[in-house]
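Taking my numbering, the leading residue of the sequence shown gets 3, the next gets one more, and so forth.
Positions of the beta carbon are idealized from the N, C-alpha and C atoms, including for glycine.
Source: prediction; values computed, not measured.
Report on the following structure.
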Amino acid sequence: MTYKTEIEELPDNRGWVGYLKNAKNITIYKTSNFCAKELAITALNNRIRMHNERYETTIKEVPQISMFG
Numbered sequence: 003m004t005y006k007t008e009i010e011e012l013p014d015n016r017g018w019v020g021y022l023k024n025a026k027n028i029t030i031y032k033t034s035n036f037c038a039k040e041l042a043i044t045a046l047n048n049r050i051r052m053h054n055e056r057y058e059t060t061i062k063e064v065p066q067i068s069m070f071g
């Protein structure tokens, strides 16, 4: 099964949210609302690692960005 990751900026500068979706584009996991994109990516990657361990899948993590460098 293929999985898709998305990082989305919320309207009105309310923050960032990460999504993990399956092949049918159904959301499996949604992160909390974070003020920084880096934090949303970190939370999503933690969930991906947990999902990979629990279900023995190989979902690729989202590349981490640096907002300060």
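For Tyr57, no beta strand (DSSP E) segment is defined; the enclosing uninterrupted segment is the alpha helix (DSSP H) at Lys39 to Tyr57.
Minimum Cα-Cα distance from Asn24 among the listed residues Arg16, Met52 and Glu8 corresponds to Glu8.
Nearest neighbour of Leu12 by Cα position, chosen from Leu46, Lys39 and Met52, turns out to be Lys39. Setting aside the 5 residues that flank it on each side, Ile50 is surrounded in the same chain by Ile61 and Glu63, each with a C-beta closer than 6 Å to its C-beta; the list follows chain order. A straight line joining the alpha-carbon of Asp14 with that of Met3 spans about 35 Å.
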